[in-house]
Amino acid sequence: KVFEILKRYSPLVEPMSLDEAFVDLTGCERLHGPVLKSAEKIRNEILEALGLNASIGIASNKLLAKIASAYCKPNGMLWIAPGMEQRFLAPLPIQRIPGIGPKGGAELRRMGIKSVGDLARLPLELLEEAYGKWGVSLYSKARGISDSPVIGEVEDPRSISRETTLEMDSADPLFLESTLSYLTEKAAGQLRENKLFARTVTLKLRYSDFKTVTRSKTLEMPTAEDHTLFKIGAGLLRKLFTRRVRVRLIGIAFTSLTATPYRQEGLFDSKGGQCWDDLYQGIDRIRHKYGFRSILRARSNQRDAN
């Protein structure tokens with residue numbers, strides 16, 4: 002419902018989590034007035050309609066807006082005026098920069114870097130030599146530089162799904178999980194092919210008596226990774242498969258699709274994410290050349306999916 006309110010003020014609303022989003026108000030002044038007034042209206046409407054407090058950061062880009070929003074929590078509003086970015090950022094502790102977690106912060110402090118201003122004074126060459134791509138990212142962030150656009154949720158396609166009717170009705174949990182694994186690999190591959198990421202996973206079961214049940218779960222961060230989506234789907238299967246009746250059909254659907262995974266960069270956190278990215282890119286290349294079944298997880302039951 003919060004996102005519905007935000008979309009009344011701009012068509013460009015980019016969800017970041019269940020309770021956080023970016024809104025691009027560029028060009029909306031004629032409809033809703035100056036940006037500061039629009040922000041105040043949004044905050045008041047959320048409070049009146051939902052009884053929730055909201056902190057709002059206003060700035061020239063997403064990086065600065067996120068920092069400003071975190072700075073004025075739990076119920077404030079902060080505007081970083083154009084030209085004031087460096088003055089605002091300089092005294093902040095380095096962990097105010099998105100992507101610097103406890104481990105990264107500790108590493109930087111060991112180098113004598115305690116504030117954003119300390120970081121901004123370091124040359125690009127030094128940061129790149131010490132930290133690679135993360136160092137290049139830190140160089141820009143310490144200066145409040147970000148060219149990442151606000152990307153709205155993808156409207157079409159609205160969902161990507163795979164389901165299959167079993168050759169023989171089954172009540173075997175391991176068989177159902179293996180079939181679900183195969184379906185997940187198929188659907189997640191289509192997500193990546195379309196450069197999309199899913200926030201909501203829905204599992205569907207149809208029993209032999211034709212009773213159909215579904216259950217969904219929304220992730221904090223969207224993903225297109227097989228292992229993450231299967232873990233969610235398998236959890237839903239365990240919760241949903243409670244009847245002593247054989248299953249006739251099983252399916253999985255991905256909705257709330259977006260064009261960005263919203264992954265934050267970090268010295269330590271991003272390495273695992275990059276490894277998974279590289280793995281799935283390799284898998285997708287093999288499948289593109291040799292066919293989908295050329296490489297599958299051991300658990301995946303190889304059967305055709307509708």
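Our numbering numbers the first residue of the sequence shown as 2 and each following residue consecutively. C-beta: ideal position from N, C-alpha, C; glycine also. Note that the structure is predicted; figures quoted are calculated from it, not measured.
Can you tell me which residues form a DSSP beta bridge with TYR10? Here residue 10 corresponds to residue number 9 of the sequence shown, with the count starting at 1. Under DSSP, TYR10 forms no beta bridge with any residue.
Assuming GLU46 and ILE6 form a contact by the criterion Cβ under 8 Å, report the distance between their Cβ atoms to the nearest whole angstrom. In the sequence shown, counting from the first residue as 1, residue 46 sits at position 45. In the sequence shown, counting from the first residue as 1, residue 6 sits at position 5. Confirmed, Cβ separation roughly 5 Å.
Indicate, with yes or no, if the ligand GDP has a heavy atom lying under 7 Å from the CB of LYS240. Because no ligand of any kind appears in the structure shown, any question about the ligand GDP cannot be addressed here.
First through last residue of the alpha helix (DSSP H) which encompasses ALA131: Translated into the one-based positions of the sequence shown, residue 131 becomes position 130. 125-132 is the span of the alpha helix (DSSP H), which, as asked, contains ALA131.
Residue span of the beta strand (DSSP E) that contains LEU53, given as start and end: Against the sequence shown, residue 53 aligns to sequence position 52. Element bounds for LEU53: n/a, residue is neither H nor E.
Does ILE161 pass the burial test, meaning 16 or more other C-beta atoms within 10 Å, or should it be called exposed? Residue mapping note: residue 161 aligns to position 160 of the sequence shown, counting from 1. ILE161 counts as buried, since at least 16 other C-beta atoms from the protein chains shown sit within 10 angstroms of its C-beta.
Rounded to whole angstroms, what's the CA-CA distance from PHE293 to TYR183? Just pull it up for me. Within the sequence shown, numbered from 1, the residue matching residue 293 stands at position 292. Within the sequence shown, numbered from 1, the residue matching residue 183 stands at position 182. Approximately 11 Å between the Cα atoms of the pair.
Boundaries of the beta strand (DSSP E) in which PRO94 is found, first to last residue: Locating residue 94 in the sequence shown gives position 93, where the first residue counts as 1. For PRO94, no beta strand (DSSP E) run applies, since DSSP gives it neither H nor E.
Beta carbon of PRO75 nearer than 8 Å to that of SER61: Here the question's residue 75 lines up with position 74 in the sequence shown. Here the question's residue 61 lines up with position 60 in the sequence shown. For PRO75 and SER61, no; Cβs fall outside 8 Å.
Under the three-state DSSP convention, the category PRO83 falls into: For the purposes of this step, residue 83 is identified with residue 82 of the sequence shown, where counting begins at 1. If DSSP states are grouped into helix, strand and coil, PRO83 belongs with coil.
Among GLY84, THR259, LEU238, THR261, which residue has its Cα nearest to the Cα of LYS252? Locating residue 252 in the sequence shown gives position 251, where the first residue counts as 1. Here the sequence assigns Gly to residue 252, which means Lys is not the residue at that position. For GLY252, the nearest C-alpha among the options comes from LEU238.
Determine the burial state of VAL3: buried for a count of at least 16 other Cβ atoms within 10 Å of its Cβ, exposed for fewer. To locate residue 3, count along the sequence shown from 1; it is residue 2. Under the 10 Å beta carbon count, VAL3 is surrounded by 16 or more other beta carbons and is classified as buried.
When burial is assigned at 16 or more other CB atoms within 10 Å of the CB, is GLY113 buried or exposed? Counting from one through the sequence shown, the residue named residue 113 turns up at place 112. It counts as exposed.
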